[in-house]
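S.K.: Residue numbers (the numbering used here), protein chains in the order written: chain A, 10 to 345; chain B, 187 to 525. Even glycine gets a Cβ: it sits at the ideal position worked out from N, Cα and C. Just so you know, these numbers come straight off a predicted model, no measurement behind them.
#1: Within its chain, find whatever has a CB closer than 8 Å to the CB of residue 492 of chain B; leave out the 5 residues flanking it on each side and keep chain order.
#2: Who are the Cβ neighbours of residue 349 of chain B in its own chain at under 7 Å, not counting the five residues just before and after it?
#3: Going by beta-carbon coordinates alone, are residue 346 of chain B and residue 297 of chain B separated by less than 8 Å?
#4: How would you list, in chain order, the residues of chain A whose beta-carbon sits under 9 Å from the beta-carbon of residue 451 of chain B?
#5: Is there a Cβ from chain B that is less than 8 Å from the Cβ of residue 183 of chain A?
#6: Starting from the Cα of residue 326 of chain A, find the closest Cα among A:340, A:319 and A:223 and give me that residue.
#7: Looking at the C-beta of residue 205 of chain A, does it have a partner C-beta in chain B at a distance below 8 Å?
#8: By the DSSP assignment, the beta strand (DSSP E) with residue 231 of chain A in it spans what residues?
#9: Give me, in chain order, the residues of the same chain whose beta-carbon lies closer than 6 Å to that of residue 180 of chain A; leave out the 5 immediate sequence neighbours on both sides.
#10: Span of the alpha helix (DSSP H) holding residue 513 of chain B?
#11: Under 8 Å Cβ-Cβ, which residues of chain B neighbour residue 262 of chain A?
#12: Could you work out which residues of chain B lie near residue 285 of chain A, taking near to mean beta carbons separated by less than 7 Å?
#13: In the DSSP output, what is residue 206 of chain A paired with across the bridge?
#14: Does any CB atom of chain A fall closer than 8 Å to the CB of residue 436 of chain B?
#15: Would you tell me roughly how many angstroms separate the C-alpha atoms of residue 474 of chain B and residue 218 of chain A, rounded to the nearest one?
#16: From this set, B:406, B:461 and B:332, which residue's C-alpha is nearest residue 240 of chain B's C-alpha?
#17: Relative to the C-alpha of residue 262 of chain A, which residue among A:247, A:280 and A:235 is closest?
#18: Who are the neighbours of residue 290 of chain A on chain B, taking C-beta pairs under 9 Å?
#19: Identify the contact partners of residue 524 of chain B in chain A, using a Cβ-Cβ distance below 8 Å as the criterion.
#20: Go through its chain and collect everything with a Cβ distance to residue 507 of chain B's Cβ below 8 Å, but skip five positions before and after it.
#21: Sorted by chain position, which residues of the same chain lie with C-beta nearer than 7 Å to residue 454 of chain B's C-beta, five sequence neighbours on each side aside?
#22: What are the residues of the segment 226–253 of chain A that lie near chain B, defined by any Cβ-Cβ distance shorter than 7 Å?
#23: Under a three-way DSSP split, which group does residue 321 of chain A fall into?
#24: Touch check for the segment 288–298 of chain A and the segment 25–37 of chain A: three-plus C-beta pairs under 8 Å?
#25: Find the nearest neighbour of residue 425 of chain B within the set B:248, B:195 and B:198, judged by alpha-carbon distance.
#26: Would you identify the three-state DSSP class for residue 188 of chain B, choosing helix, strand or coil?
#27: What residue ranges within the segment 294–338 of chain A form continuous beta strand (DSSP E) runs of no fewer than 3 residues, ordered along the chain?
The following block contains the structure:
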């Protein structure tokens with residue numbers, strides 16, 4: 010991959026929360042490359058750090074969280090890359106990036122839209138901030154965007170408030186807002202989790218269609234294996250703040266290697282299996298506070314070996330082309 | 187499979203309706219009704235799991251609440267037979283209802299909202315035992331301890347408060363509480379949808395084990411068809427307050443007989459990158475139960491709708507043995523199920 014194919018490059022990112030109980034390492038040494046025009050899927054259970062990672066990119070981690078280490082390079086054009094991690098979160102440059110170059114849609118559209126402003130006001134505010142000061146032009150762009158995301162009676166909807174829309178329509182408004190400034194990267198944090206399945210299918214199809222049209226890269230964060238299979242080109246599996254496996258979507262679903270990935274795949278209920286018991290992963294995700302320097306999945310892993318898994322955090326190694334795994338069982342090239 | 191039953195069902199619903207009035211103005215004039223549950227008839231046998239599937243707002247939770255008499259149904263009868271006697275829950279008075287409560291329990295969706303943060307596990311799980319006069323004092327602690335082991339929790343944590351437990355563990359506490367008075371029926375309202383995949387599998391397995399051991403009847407309310415397939419014997423699909431299809435689970439998943447069921451199966455995400463939806467996905471969103479469409483409620487979204495669907499409400503017909511559908515073309519359409 011040459012440099013011009015990349016939109017965002019994260020190197021060894023660490024985001025930590027200093028709590029009374031100790032330091033919580035929500036993201037712990039994460040590296041990730043997001044190519045242009047492609048969808049990178051992040052999958053993991055609650056508490057694995059996937060949302061904090063997304064917030065770190067935009068520098069909107071809530072206190073006491075802080076990016077403590079690492080680089081986040083944004084490649085906008087031929088110029089030198091911009092290191093977002095080094096920017097002032099409240100500075101002019103970061104504000105221009107947020108919404109203008111990288112935008113984000115959230116899980117719950119009701120809490121991320123303002124209840125006291127009309128849909129029209131909220132979209133045009135964004136366009137006027139980043140693109141044009143002209144009220145009329147901004148209005149035209151907003152109407153056009155709402156039509157593109159498939160909202161009927163656009164002119165009328167512009168004057169309505171979020172509570173007058175259904176969940177599916179609200180999420181369409183969020184997408185329209187996020188795409189109104191033609192971002193190069195769209196971060197979607199569980200965008201369909203709060204929606205019904207038939208509406209979810211519509212929104213996922215819409216996102217794919219708009220990606221074709223606008224050519225932006227998508228960082229798609231979810232806990233749902235079914236959604237990731239439908240959306241992602243490359244899948245990254247996170248566990249306790251670290252990447253444990255990464256591979257192209259077909260490769261990871263057909264040949265998962267890390268015991269955690271395998272466990273996730275087996276425990277997900279899928280249609281067509283009938284009334285059967287599921288293979289659950291034992292135990293639960295521990296809080297990422299004061300973790301020892303060993304494999305983080307060791308306690309829940311059926312294949313953990315004393316002497317092998319308990320002396321260091323295994324490195325992320327490329328086991329075959331584009332397939333990375335962080336597991337001591339694969340370190341010597343052997344298979345588990 | 188438990189399709190053959192001798193004797194009467196544990197629970198029998200006939201034409202149950204729950205209408206919520208829409209009131210307007212200072213005088214609270216009734217201007218219409220939200221027909222949250224409309225003419226629902228169902229049966230549930232001892233030891234069986236009946237799943238109630240549908241999207242948000244379809245009335246599945248309201249129906250569950252009517253059965254437990256948290257809500258009083260507008261009309262219809264709900265026959266419950268914990269012993270040999272028939273009891274109609276829809277008309278029973280509060281005093282007679284109270285001793286029946288131990289036979290019917292509920293497991294809630296959100297384990298963070300459904301447990302009192304100021305009560306210890308012992309208090310939470312022990313409360314139904316004390317209320318129903320089943321155990322107290324030393325026997326109570328012993329019994330709660332046994333329940334904790336049954337649901338896979340550590341007895342040592344008896345005196346802890348809910349905040350000390352993870353989501354999956356809290357759901358286990360909720361299950362222990364529901365199990366405590368030895369009920370015959372448990373209404374499970376989206377019991378795993380707030381949980382992570384790996385924990386969800388643990389809880390589903392636990393529910394299966396408990397059913398086998400105690401011969402429980404579950405009314406399993408869910409929006410997730412993949413979860414339902416793993417636990418249900420029979421499935422009822424609801425749309426805007428009405429049941430549109432009812433069948434044994436394998437039959438419903440293999441050969442759906444209602445276009446809405448087909449659409450739900452098609453839209454469900456598969457953890458397989460080579461599986462793509464057929465693309466004839468539904469347009470529009472679920473109808474408003476306060477102002478439902480004419481004829482078949484599903485016709486504005488249905489890809490197979492014809493003129494008759496706009497004007498006439500379809501009959502409830504038995505297409506195959508035990509496989510019911512409310513669609514004008516239930517027998518004619520060949521719908522795509524799960525391979």
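M.R.: The short version:
#1: 514 and 515
#2: 303.
#3: no
#4: Result: 280.
#5: The beta-carbon of residue 183 of chain A is placed no less than 8 Å from the nearest beta-carbon of chain B.
#6: Closest in alpha carbon position to residue 326 of chain A, among A:340, A:319 and A:223, is A:340.
#7: yes
#8: 226–231
#9: Correct list, in chain order: 118 and 212.
#10: Run containing residue 513 of chain B: none; DSSP gives neither H nor E here.
#11: 457, 458 and 459
#12: 416
#13: Paired residues: none, contrary to the question.
#14: yes
#15: About 28 Å.
#16: It is B:406 whose Cα lies nearest to the Cα of residue 240 of chain B.
#17: A:235
#18: Within 9 Å Cβ-Cβ: 383, 384, 385, 387 and 388.
#19: 280 and 281
#20: none
#21: 411 and 412
#22: 232, 233, 234, 235, 236, 238 and 239
#23: coil
#24: yes
#25: B:248
#26: Note on residue 188 of chain B: pLDDT 45, under 50, position unreliable in the model; the coordinate value appears next. DSSP places residue 188 of chain B outside both helix and strand once states are collapsed to three, so it counts as coil.
#27: 326–329 and 332–334
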